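Student:
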Ligand SMILES: [Zn+2]
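Residue numbers (the numbering used here): 198 to 476.
1) Please give me, in chain order, every unbroken run of the alpha helix (DSSP H) with length at least 4 that falls completely inside the region 354-439.
2) Please say whether residue 277 and residue 320 have beta carbons closer to each other than 7 Å?
3) Which word fits residue 379, buried or exposed, when buried means at least 16 other C-beta atoms lie within 10 angstroms of its C-beta?
4) Which whole-angstrom value describes the C-beta separation of residue 334 and residue 367, a residue pair presumed to lie in contact below a C-beta threshold of 8 Å?
5) How would you label residue 453, buried or exposed, when you count the other beta carbons within 10 angstroms and need 16 or more for buried?
6) Assign residue 451 to one of two classes, buried (16 or more other C-beta atoms within 10 Å of its C-beta) or exposed (fewer than that).
7) May I ask whether a heavy atom of ligand 1 can be found less than 6 Å away from the beta carbon of residue 293?
8) Shorter than 6 Å, the distance from the beta carbon of residue 450 to the closest heavy atom of ligand 1, or not?
9) Using the C-alpha atoms, what's the distance from residue 438 back to residue 376?
10) Any heavy atom of ligand 1 closer than 6 Å to the CB of residue 375?
11) Based on Cα-Cα distance, which residue from 348, 280 and 399 lies nearest to residue 199?
12) If distances are taken between C-alpha atoms only, which option among 412, 435 and 413 comes closest to residue 423?
13) Does DSSP classify residue 213 as helix, strand or coil?
14) My parser needs the beta strand (DSSP E) runs of 3 or more residues fully inside the region 277-316; what are they?
15) Just to check, is the beta-carbon of residue 471 closer than 6 Å to a non-hydrogen atom of ligand 1?
16) Is the region 297-312 touching the region 339-352 in the sense that three or more CB pairs, one from each, lie closer than 8 Å?
17) Indicate the three-state DSSP secondary structure (helix, strand or coil) for residue 273 in the structure shown.
18) Give the DSSP bridge partners of residue 241, in chain order.
19) Find out if the Cβ-Cβ distance for the pair residue 302, residue 250 is shorter than 7 Å.
20) Our contact map puts residue 217 next to residue 300 with C-beta atoms below 8 Å; I'd like the distance itself, whole angstroms only.
21) Looking at residue 441 and residue 467, is the spacing between their C-beta atoms short of 7 Å?
22) Residues in its own chain within less than 7 Å of residue 225 by CB, not counting five upstream and five downstream?
23) Is the separation between the beta-carbon of residue 205 and that of residue 383 shorter than 7 Å?
24) Got a sec: does ligand 3 put a non-hydrogen atom nearer than 6 Å to the Cβ of residue 454?
25) With a threshold of 16 other CB atoms inside 10 Å of the CB of residue 285, please say whether the residue is buried or exposed.
26) Give me the Cα-Cα distance between residue 400 and residue 326, rounded to the nearest whole angstrom.
27) Near residue 259, which residues of its chain fall below 6 Å by C-beta distance, leaving aside the five closest residues on each side in sequence?
28) Measuring CA to CA, which of 390, 257, 394 and 262 is closest to residue 408?
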């Protein structure tokens, strides 16, 4: 978290900065351990101040702010990072500020409570090297059933674990993996190489349906309240979760069984044993 829907919501929300000129960059005073910024701020500033923001792009769970110098500022929010245009949830956790001219909004902020996120300035070649194959697979929303099967079909690992492998497909994290498998009616421990043709079709459909629905609802703000939109509003998809973090509650799909929690690769998985039967 944030996963693909949250970062796509950030991208869409931050679109008003396209066309703006970067007039300054600063780290606000922050007594917490500094986040990773590369290159160091003086060189960063030299390369971005005076450039114009050309477009906003997303690769998996990262937001790319492309400049007219053909470099991109890559924001990787990891656990608790946010890109904001106004009203940060706390001043303590503001990590970086871009000052903007010729713009509808005066600043773009990066806020990060735990500070595990990173900000990198990369040229186009570095973007392709560091954010392309083999490090990062194609974006989850670009995969049809054929390509999804091509990426995952030979693996002997449980499907839920494979969906989290960003080098196979980019953007799906722990929350949406459980939701996607529930909608596809596939047990999370099913081995990739044992899926039927019908299961692959259902998986591809639910991958798109769940992620796109979550984008429409502007992502999920969990009980810790960390994730916020660029205007510091909560997302709405948490109210639509079917299984995630609902262990012991009735399954909203069948109404007959209760949602179960298991641990796979040190992460919680939630599913309904009736809707998602093991073979
Ligand atoms: Zn069920």
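Glycine residues also receive a C-beta, built at the ideal position from the N, C-alpha and C atoms.
Keep in mind that this is a model prediction, so the values were computed, not measured.
Tutor: Inspection of the coordinates gives the following:
1) 356-360, 371-381 and 394-413
2) Within the chain shown, numbered from 1, the residue matching residue 320 stands at position 123. Within the chain shown, numbered from 1, the residue matching residue 277 stands at position 80. Cβ distance not < 7 Å, so residue 320 and residue 277 don't count as in contact.
3) Numbered from 1 along the chain shown, position 182 holds the residue referred to as residue 379. It is buried - the Cβ of residue 379 has at least 16 other Cβ atoms within 10 Å.
4) Locating residue 334 in the chain shown gives position 137, counting from the first residue. Locating residue 367 in the chain shown gives position 170, counting from the first residue. 5 Å between Cβ atoms; contact.
5) Indexing the chain shown from 1 puts residue 453 at position 256. Classification for residue 453: exposed.
6) For the purposes of this step, residue 451 is identified with residue 254 of the chain shown, where counting begins at 1. Label assigned to residue 451: exposed.
7) Against the chain shown, residue 293 aligns to sequence position 96. No; taking the cut-off as 6 Å, the Cβ of residue 293 has no heavy atom of ligand 1 nearer than that.
8) Translated into positions along the chain shown, residue 450 becomes position 253. Correct: residue 450 has its Cβ closer than 6 Å to ligand 1.
9) Taking the chain shown and counting its residues from 1, one reaches residue 376 at position 179. Taking the chain shown and counting its residues from 1, one reaches residue 438 at position 241. Distance between the alpha carbons of residue 376 and residue 438: 7 Å.
10) Within the chain shown, numbered from 1, the residue matching residue 375 stands at position 178. It does not: the Cβ of residue 375 is nowhere closer than 6 Å to a heavy atom of ligand 1.
11) Residue 199 sits at position 2 when you count from the first residue of the chain shown. Comparing Cα-Cα distances from residue 199 to each of 348, 280 and 399, the minimum goes to 280.
12) Working through the chain shown from its first residue, we reach residue 423 at position 226. Cα-wise, what sits closest to residue 423 is 435.
13) Walking along the chain shown from the start, residue 213 turns up at place 16. In this structure, residue 213 counts as helix in the three-state DSSP scheme.
14) 278-281, 291-298 and 304-309
15) In the chain shown, the residue the question calls residue 471 occupies position 274. Yes, the Cβ of residue 471 comes within 6 Å of a heavy atom of ligand 1.
16) no
17) For this step, residue 273 is matched to residue 76 along the chain shown. It is a strand residue.
18) Start at 1 with the first residue of the chain shown, and residue 241 comes out as number 44. In DSSP, residue 241 forms no bridge with anything.
19) The count along the chain shown starts at 1 and reaches residue 302 at position 105. The count along the chain shown starts at 1 and reaches residue 250 at position 53. Not a contact, by the Cβ cut-off of 7 Å.
20) As a working mapping, residue 217 is identified with position 20 in the chain shown. As a working mapping, residue 300 is identified with position 103 in the chain shown. With a Cβ gap of about 3 Å, residue 217 and residue 300 count as contacting.
21) In the chain shown, the residue the question calls residue 467 occupies position 270. In the chain shown, the residue the question calls residue 441 occupies position 244. The answer is yes: Cβ separation under 7 Å.
22) To locate residue 225, count along the chain shown from 1; it is residue 28. Result list for residue 225: 291 and 294, in chain order.
23) On the chain shown, position 8 is the one that residue 205 refers to. On the chain shown, position 186 is the one that residue 383 refers to. No, the pair does not count as a contact, with Cβ atoms beyond the cut-off.
24) You won't find ligand 3 in this model; what it holds is ligand 1.
25) If you number the chain shown from 1, residue 285 lands on position 88. Residue 285 should be labelled buried.
26) To locate residue 400, count along the chain shown from 1; it is residue 203. To locate residue 326, count along the chain shown from 1; it is residue 129. Each residue's Cα considered, the two are about 29 Å apart.
27) Here residue 259 corresponds to residue number 62 of the chain shown, with the count starting at 1. So the list reads 271 and 273, once near-sequence residues are dropped.
28) Within the chain shown, residue 408 is the residue found at index 211, counting from 1. Checking every option, the nearest Cα to that of residue 408 belongs to 257.
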